[in-house]
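J.: With this note's numbering applied, the sequence shown corresponds to residues 473 to 629, in that order.
C-beta atoms are modelled at their ideal positions from N, C-alpha and C, and glycine is treated no differently.
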Amino acid sequence: MRERIKPTRSGLFAIELLIAVGVFSLCAAICVGLFVRSEVMSQDSADLNRAVSEARSAAECFKAAGGDLERTAQLTGGQMMGDTVCISYDEGWEKLDGGGESAFDVVLSLRSEDGYTGASLSVQRYDRNGKEAVGTTILIWDIAALRSTVTSMEVAS
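1) Using C-beta distances below 6 Å, list every residue in its chain close to I612, excluding the 5 sequence neighbours before and after it, in chain order.
2) Alpha carbon to alpha carbon, how far is A531 from D555?
3) Which two residues bound the contiguous alpha helix (DSSP H) that contains S592?
4) Does DSSP classify E511 as helix, strand or coil?
5) Measuring straight from C-alpha to C-alpha, what distance separates R600 and A492?
6) Helix, strand or coil: how does DSSP classify E526 here?
7) I'd like to confirm the pairing. Which residues does DSSP put opposite F576 in its beta bridges?
8) Do V579 and Q596 have their C-beta atoms within less than 8 Å of each other?
9) Do you know offhand how far D614's Cα is from A527's?
10) Identify, in the order they occur along the chain, each residue of the same chain with its Cβ nearer than 6 Å to the Cβ of L541, setting aside the five sequence neighbours on each side.
11) Of all the options G590, D577, T589, E573, which has the alpha carbon lying nearest to the alpha carbon of K603?
12) Starting from K567, follow its DSSP beta bridges and name the residues at the other end.
13) Enumerate in chain order the residues of its own chain whose CB-to-CB distance from A591 is below 7 Å, with the five nearest sequence positions on each side excluded.
14) Let me confirm a value: T609 is counted as buried when at least 16 other C-beta atoms fall within 10 Å, else exposed. Which label applies?
15) Could you check what DSSP says for R476 in three-state terms: helix, strand or coil?
16) What is the rounded straight-line gap between the Cα of E488 and the Cα of V508?
Shown next as structure tokens:
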């Protein structure tokens with residue numbers, strides 16, 4: 473007759489230990505995923521805060537220039553392209569002088585209204601996938617400036 477093998481305490485302990493390690497591994501994987509997601513959210517938040525700051529600066533320059541795009545381009549360090557001013561930044565929000573690929577663009581597009589000059593201000597982020605850049609608008613504002621009625625000759629007097 474065959475003898476029956478009795479389970480030993482060490483065998484049960486090993487199974488219990490494997491289950492505990494499996495549960496711990498699952499919890500660790502979930503925590504790592506949450507930490508990665510929080511880092512992405514933190515970077516997006518920092519980019520949005522910087523976008524608001526740079527957009528506010530560009531809007532104030534537009535208002536100070538009385539809605540004149542050429543003067544706004546001089547004040548902001550941006551480039552004129554028709555009825556728009558484009559200010560380009562790298563990944564660290566440092567202004568680009570026209571060379572290199574931008575990671576962020578602040579764009580002012582002119583529109584005229586009665587009694588004031590308006591513009592649409594947008595901030596766009598570019599994500600690079602190989603050679604292709606995908607743009608995402610992260611901020612849009614409509615801004616207005618009173619038209620400057622005082623000429624530079626009158627200011628000098």
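T.: Per the coordinate set shown:
1) Setting aside the 5 residues that flank it on each side, I612 is surrounded in the same chain by S594, each with a C-beta closer than 6 Å to its C-beta; the list follows chain order.
2) If you take the alpha carbons of A531 and D555, they lie about 15 Å apart.
3) First-last for S592: 588 to 601, but that is the beta strand (DSSP E), not the alpha helix (DSSP H).
4) Three-state DSSP puts E511 in a helix.
5) Distance between the alpha carbons of R600 and A492 is about 42 Å.
6) Per DSSP, reduced to three states, the secondary structure at E526 is helical.
7) Its beta-bridge partners are Y561, R597.
8) At a Cβ-Cβ threshold of 8 Å, V579 and Q596 count as neighbours.
9) Computed Cα separation, rounded: 11 Å.
10) Apart from sequence neighbours up to five positions away, the residues of its chain that approach L541 with a beta-carbon distance below 6 Å are V557, L582, ordered along the chain.
11) Restricting attention to G590, D577, T589, E573, the CA atom closest to the CA of K603 is found in E573.
12) Note: K567 sits in a beta bridge opposite Y561.
13) Around A591: F534, L580, S581, L582, R583, I615.
14) Burial is judged here by how many other beta carbons sit within 10 angstroms of a residue's own beta carbon; T609 has fewer than 16 and is exposed.
15) DSSP places R476 in coil when its eight states are reduced to three.
16) For the pair E488 and V508, the Cα-to-Cα distance works out to about 31 Å.
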